[in-house]
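One line per chain: the protein sequences are X and F, in this order.
Residue numbering for the first sequence is 1 to 112, as defined by our numbering.
Residue numbering for the second sequence is 1 to 112, as defined by our numbering.
Heads up: the structure comes next, in structure tokens.
There are 2 protein chains.
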Amino acid sequence: MSRHRKDTAIESVFQALADRTRRQMVERVSQSPATVSELARPFSITLAAAVQHVQVLERSGLVRTEKQGRVRLVMVDPAGLSALRQWLDERRNLWETRLDGLSTILREKPKR
Amino acid sequence: MSRHRKDTAIESVFQALADRTRRQMVERVSQSPATVSELARPFSITLAAAVQHVQVLERSGLVRTEKQGRVRLVMVDPAGLSALRQWLDERRNLWETRLDGLSTILREKPKR
DNA sequence: CAAATAGTCAAGCGAATACTTAATTATTAT
DNA sequence: ATAATAATTAAGTATTCGCTTGACTATTTG
Chain X
1 MSRHRKDTAI
11 ESVFQALADR
21 TRRQMVERVS
31 QSPATVSELA
41 RPFSITLAAA
51 VQHVQVLERS
61 GLVRTEKQGR
71 VRLVMVDPAG
81 LSALRQWLDE
91 RRNLWETRLD
101 GLSTILREKP
111 KR
Chain F
1 MSRHRKDTAI
11 ESVFQALADR
21 TRRQMVERVS
31 QSPATVSELA
41 RPFSITLAAA
51 VQHVQVLERS
61 GLVRTEKQGR
71 VRLVMVDPAG
81 LSALRQWLDE
91 RRNLWETRLD
101 GLSTILREKP
111 KR
């Protein structure tokens with residue numbers, strides 16, 4: 001698993017969630033699968049815009065979709081969310097252990 | 001704490017981390033505090049650009065900064081990261097419990 | 001004090017985003 | 001078969017974003 005691919009993966013997750021509308025779509029879909037139209041309704045955006053949001057979410061692995069007839073069902077995909085969780089876990093140790101000794105570091109650091 | 005303020009807070013965290021350079025800056029600073037110049041060095045960007053990144057990170061609560069003489073020290077701030085963690089935790093239950101019954105839901109859903 | 005260093009601010013530029021409208025396709029309902 | 005519904009695609013537009021350059025303000029340092 002190359003470092004670069006991983007980076008772009010998590011990048012797409014952050015980018016997807018950086019948008020308020022998409023975040024709310026993820027939340028909506030976390031309750032139960034929804035169609036693209038259903039996802040569009042609460043916001044004052046066109047269906048076309050909603051389709052584009054769903055595509056962004058799908059590429060990032062935050063949702064899966066499945067076409068059933070003329071409708072596309074959108075549902076959460078654990079992949080994107082666990083990627084986010086993993087990223088967070090990997091870094092948590094880092095800064096948590098650091099914070100314990102932070103004041104100490106600050107006292108030593110100013111060597112300029 | 002109003003719902004809207006919370007939303008914009010997490011929004012700024014996602015937006016901040018959506019950028020590769022800023023993500024790496026957070027990691028660098030997780031090791032130990034660093035000056036703005038030190039943060040700029042590994043990337044081929046100007047100091048001015050680095051300043052802007054630090055400002056974005058600071059507004060999102062991912063880092064704190066402290067001016068010491070002509071130098072500005074940048075260090076991790078637990079706030080932004082725990083905001084992210086909290087957002088994740090709040091949603092995890094939702095989709096995790098959902099996923100157990102997901103195949104069932106899919107079997108029931110197609111009512112069109 | 002003069003020169004070098006670290007950072008900051010403002011303006012501007014190109015690329016990426018989030019949107020729209022309009023045209024098109026596929027499916028379901030009458 | 002016709003009409004309505006759901007989604008998709010393409011193209012264009014306005015805004016936001018990451019970045020640069022250039023001017024300016026501290027602070028060290030020689």
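Glycine included, every Cβ here is placed at the ideal spot set by N, Cα and C.
Since the structure is predicted, the reported quantities are computational estimates derived from the model, not experimental observations.
Could you check whether residue j and residue i sit closer than 8 Å to each other, using their CB atoms as the reference points?
i: Leu62 (chain F); j: Ala9 (chain F); result: no
i: Arg28 (chain F); j: Val56 (chain F); result: no
i: Ser30 (chain X); j: Arg91 (chain F); result: yes
i: Val36 (chain F); j: Val76 (chain F); result: no
i: Ala39 (chain X); j: Ala49 (chain X); result: At residue 39 (chain X) the sequence reads Leu, which differs from the Ala that was named. No, Cβ-Cβ distance for Leu39 (chain X) and Ala49 (chain X) is not below 8 Å.
i: Ser12 (chain X); j: Ser82 (chain X); result: no
i: Leu88 (chain X); j: Leu47 (chain F); result: no
Span of the beta strand (DSSP E) holding residue i?
i: Arg72 (chain F); result: Val71 to Val76
i: Thr21 (chain X); result: Taken as a continuous stretch (DSSP letters only), Thr21 (chain X) belongs to no beta strand (DSSP E), being part of the alpha helix (DSSP H) at Arg20 to Gln31.
Starting from residue i, trace the alpha helix (DSSP H) both ways and give me its first and last residue.
i: Arg59 (chain F); result: Leu47 to Arg59
i: Ser149 (chain X); result: This structure gives no information on residue 149 (chain X), because the portion of chain X shown stretches from 1 to 112.
Assign residue i to buried or exposed, taking buried as 16 or more other Cβ atoms, counted over all protein chains shown, within 10 Å of its Cβ.
i: Pro42 (chain X); result: exposed
i: Gly69 (chain X); result: exposed
Under 8 Å, CB to CB, which of the residues in the segment 71-87 of chain F have a partner in chain X?
Residues Val71, Leu73, Met75, Val76, Pro78, Leu81, Leu84 and Arg85.
Output needed in chain order: residues of the segment 42-61 of chain X with a Cβ under 9 Å from some Cβ in chain F. Within the segment 42-61 of chain X, no residue has a Cβ that lies closer than 9 Å to any Cβ of chain F.
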